[in-house]
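Student: The following block contains the structure, expressed as structure tokens.
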Amino acid sequence: MAGNTEFRDFLASRRSRITPERAGLAAKPGTRRVPGLRREEVAELAGLSVDYYVRLERGRATNPSASVLDGIARALRLDEAERAHLFDLAGVTPDAHRARRNPPQRPHPGLLRVLDTIEHVPAMIFGRRMDVLAANRLARALIIDFDALPLRDRNIARFVFLDPAARTLYPDWAAVAEDIVYGLRLDAGRDPHDPRLTELVGELTVADPDFGRWWSTHDVRRRTGGVKRFRHPIVGALTLHYDRLTVPDVTDQRLSIYSPEPGSESAQALRLLGDWTAADPAPQAPGPGHTVPDGSSITEV
Numbered sequence: 164m165a166g167n168t169e170f171r172d173f174l175a176s177r178r179s180r181i182t183p184e185r186a187g188l189a190a191k192p193g194t195r196r197v198p199g200l201r202r203e204e205v206a207e208l209a210g211l212s213v214d215y216y217v218r219l220e221r222g223r224a225t226n227p228s229a230s231v232l233d234g235i236a237r238a239l240r241l242d243e244a245e246r247a248h249l250f251d252l253a254g255v256t257p258d259a260h261r262a263r264r265n266p267p268q269r270p271h272p273g274l275l276r277v278l279d280t281i282e283h284v285p286a287m288i289f290g291r292r293m294d295v296l297a298a299n300r301l302a303r304a305l306i307i308d309f310d311a312l313p314l315r316d317r318n319i320a321r322f323v324f325l326d327p328a329a330r331t332l333y334p335d336w337a338a339v340a341e342d343i344v345y346g347l348r349l350d351a352g353r354d355p356h357d358p359r360l361t362e363l364v365g366e367l368t369v370a371d372p373d374f375g376r377w378w379s380t381h382d383v384r385r386r387t388g389g390v391k392r393f394r395h396p397i398v399g400a401l402t403l404h405y406d407r408l409t410v411p412d413v414t415d416q417r418l419s420i421y422s423p424e425p426g427s428e429s430a431q432a433l434r435l436l437g438d439w440t441a442a443d444p445a446p447q448a449p450g451p452g453h454t455v456p457d458g459s460s461i462t463e464v
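Position one of the sequence shown corresponds to residue 164 (this note's numbering), numbered consecutively onward.
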């Protein structure tokens with residue numbers, strides 16, 4: 164079981180966040196020394212012996228079965244993202260379609276074809292570690308010209324935490340940054356030995372105390388849609404809906420599309436941004452196999 168410490172800390176953090184009442188247990192007399200459920204209560208709810216659960220949470224029991232993890236997930240009221248993270252930390256594949264692999268990243272051809280058709284709203288393809296694998300012209304104009312960055316810096320987490328411009332671009336910077344941390348937590352559960360992810364987490368922990376604080380909560384989250392506000396230096400304020408699309412059997416890439424309400428001021432601002440980029444276009448993102456000046460492939464990271 165990879166990362167006993169991570170597994171142990173995640174269980175303890177989830178246990179501390181759920182009350183006996185929420186778990187469906189009758190309140191017992193006496194004062195609790197710590198918040199949340201006791202280990203014996205989790206064991207009872209999960210249908211496990213107290214001794215086994217205690218050893219599991221302390222990292223002394225290894226290789227729990229899928230049924231054991233299912234019981235713990237139910238006992239702790241884990242949501243879908245948290246349950247997947249628990250299985251990842253335990254090194255257990257919950258179904259036959261989830262495979263562990265960490266090949267070089269190239270934009271999925273299907274996602275890239277869709278991206279190439281999107282001209283009037285910003286869109287980007289994200290891979291593991293929040294790497295930006297491709298971005299259309301409006302996305303590069305709205306956020307940052309990823310094509311102009313060194314390959315290792317084409318990463319939305321690095322931009323949000325390390326570039327001061329991000330705090331101006333995102334009026335709700337803390338919410339955006341927090342979601343990024345929780346998404347990276349999911350990636351760490353899937354591949355705890357990814358050296359580039361380890362390097363990224365270490366770099367951001369040193370650079371920004373907020374990152375370290377959010378990382379230490381062990382929270383996980385992957386949003387599939389919502390609303391983001393932007394404050395662009397040229398066209399001003401925009402409020403855009405975002406949707407994250409995936410394709411079957413590709414769990415580590417997603418296409419994010421940012422759309423305004425029709426007829427809104429944000430739609431007008433986006434048209435102005437499009438006109439500005441058309442008059443002074445940023446370089447287009449090359450397709451698979453193209454290279455940037457340093458010889459690195461933009462689509463293999």
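C-beta atoms are modelled at their ideal positions from N, C-alpha and C, and glycine is treated no differently.
#1: Here's a check: name, in chain order, each residue in its chain whose Cβ is nearer than 7 Å to the Cβ of A329, leaving out the five neighbours to either side.
#2: With which residues is G388 paired in a DSSP beta bridge?
#3: Can you look up G437 in the DSSP assignment and give me helix, strand or coil?
#4: Using DSSP's beta-bridge definition, name the partner residues of G399.
#5: Is it buried or exposed, D233, if we count other Cβ atoms within 10 angstroms and call 16 or more buried?
#6: Got a sec, what are the start and stop residues for the alpha helix (DSSP H) R376 sits in?
#7: Roughly how many angstroms separate the alpha carbons of D406 and R196, rounded to a whole number?
#8: What are the uninterrupted segments assigned as alpha helix (DSSP H) that are 4 or more residues long and contained completely in the stretch 230-291, given in chain order?
#9: Cutting at 7 Å between CB atoms, please list the residues of its own chain near L188, excluding the five before and the five after it.
#10: Is the distance from the Cβ of L403 to the Cβ of Y421 below 8 Å?
#11: State the CB to CB distance for the pair A304 and L200, rounded to an integer number of angstroms; the pair is presumed to be in contact (CB under 8 Å).
#12: What first and last residue would you give for the beta strand (DSSP E) that runs through S176?
#13: Excluding the 5 residues flanking R278 on each side, which residues of the same chain have their C-beta closer than 7 Å to its C-beta?
#14: May I ask you to report which of helix, strand or coil DSSP gives A297?
#15: Between the stretch 230-246 and the stretch 170-187, do three or more beta carbon pairs fall short of 8 Å?
#16: Thinking just about the alpha-carbon of each residue, which of A320, H283, A206, F250 is nearest to the one in S429?
#17: If you follow the alpha helix (DSSP H) that I420 is in, where does it begin and where does it stop?
#18: Are the CB atoms of R218 and A209 nearer to each other than 8 Å?
#19: Taking the alpha-carbon of N226 as reference, which of E207, L241, L249, A244 has the nearest alpha-carbon?
#20: Look at the Cβ atom of V369, then the Cβ atom of W378, and state whether they are nearer than 8 Å.
#21: Which residues mark the beginning and the end of the alpha helix (DSSP H) in which F322 is found?
#22: To the nearest angstrom, report how far apart E220 and N167 are at their CA atoms.
#23: Starting from T331, trace the alpha helix (DSSP H) both ways and give me its first and last residue.
#24: With DSSP as the reference, label A224 as helix, strand or coil.
#25: How about P334 and R292: are their beta carbons less than 8 Å apart?
#26: In whole angstroms, what is the alpha-carbon distance linking D371 and I343?
#27: Please report how far the alpha carbon of Q268 lies from the alpha carbon of F374, in whole angstroms.
Tutor: Let's see:
#1: Indexing the sequence shown from 1 puts residue 329 at position 166. Same-chain partners within the cutoff: F322, V323, W336.
#2: Counting from 1 along the sequence shown, the entry for residue 388 is found at position 225. In DSSP, G388 forms a bridge with D406.
#3: Numbered from its first residue, the sequence shown carries residue 437 at position 274. Of the three classes helix, strand and coil, the one that applies to G437 here is helix, per DSSP.
#4: Against the sequence shown, residue 399 aligns to sequence position 236. Answer is H395.
#5: Sequence index remark: in the sequence shown, residue 233 carries index 70 (1-based). D233 comes out buried.
#6: As a first step, residue 376 must be located in the sequence shown, where it is residue number 213. 372-378 is the extent of the alpha helix (DSSP H) around R376.
#7: If you number the sequence shown from 1, residue 406 lands on position 243. If you number the sequence shown from 1, residue 196 lands on position 33. Roughly 43 Å separates the two Cα atoms.
#8: 243-253, 272-280
#9: Along the sequence shown, one-based indexing puts residue 188 at 25. Answer for L188: E204, listed in chain order.
#10: If you number the sequence shown from 1, residue 403 lands on position 240. If you number the sequence shown from 1, residue 421 lands on position 258. Contact: yes.
#11: Mapped onto the sequence shown, residue 304 falls at position 141. Mapped onto the sequence shown, residue 200 falls at position 37. Not confirmed; about 49 Å, so no contact.
#12: Start at 1 with the first residue of the sequence shown, and residue 176 comes out as number 13. From DSSP, S176 is part of no beta strand (DSSP E) but of the alpha helix (DSSP H) over 167-178.
#13: Locating residue 278 in the sequence shown gives position 115, counting from the first residue. Reading off the sequence, residue 278 comes out as Leu, not Arg. Here the set comprises A286, I288, A297, N299, L418.
#14: Counting from one through the sequence shown, the residue named residue 297 turns up at place 134. If DSSP states are grouped into helix, strand and coil, A297 belongs with the strands.
#15: yes
#16: The count along the sequence shown starts at 1 and reaches residue 429 at position 266. It is H283.
#17: What you label residue 420 is simply residue 257 of the sequence shown in a count that begins at 1. Note, I420: premise wrong, no alpha helix (DSSP H); beta strand (DSSP E) at 413-422.
#18: Counted from its first residue, the sequence shown places residue 218 at position 55. Counted from its first residue, the sequence shown places residue 209 at position 46. In this structure, R218 keeps its C-beta atom at 8 Å or more from the C-beta atom of A209.
#19: As a position in the sequence shown, residue 226 is number 63, starting the count at 1. Check the Cα spacing between N226 and each of E207, L241, L249, A244: the tightest is with L249.
#20: As a position in the sequence shown, residue 369 is number 206, starting the count at 1. As a position in the sequence shown, residue 378 is number 215, starting the count at 1. Taking 8 Å as the Cβ cut-off, V369 and W378 do not qualify as a contacting pair.
#21: Working through the sequence shown from its first residue, we reach residue 322 at position 159. Run containing F322: 319-325, per the alpha helix (DSSP H) assignment.
#22: Here residue 220 refers to the residue found at position 57 when the sequence shown is read from its first residue. Here residue 167 refers to the residue found at position 4 when the sequence shown is read from its first residue. Rounded to whole angstroms, E220 and N167 show a C-alpha spacing of 9 Å.
#23: Residue numbering aside, residue 331 sits at position 168 when the sequence shown is read from its first letter. Taken as a continuous stretch (DSSP letters only), the alpha helix (DSSP H) holding T331 covers 328-332.
#24: Mapped onto the sequence shown, residue 224 falls at position 61. Note: A224 maps to coil in three-state DSSP.
#25: Residue numbering aside, residue 334 sits at position 171 when the sequence shown is read from its first letter. Residue numbering aside, residue 292 sits at position 129 when the sequence shown is read from its first letter. Result no, Cβ atoms of P334 and R292 do not sit closer than 8 Å.
#26: Residue mapping note: residue 371 aligns to position 208 of the sequence shown, counting from 1. Residue mapping note: residue 343 aligns to position 180 of the sequence shown, counting from 1. Cα to Cα, the separation comes out at about 13 Å.
#27: Reading the sequence shown from its first residue, position 105 is the one you call residue 268. Reading the sequence shown from its first residue, position 211 is the one you call residue 374. Distance between the alpha carbons of Q268 and F374: 25 Å.
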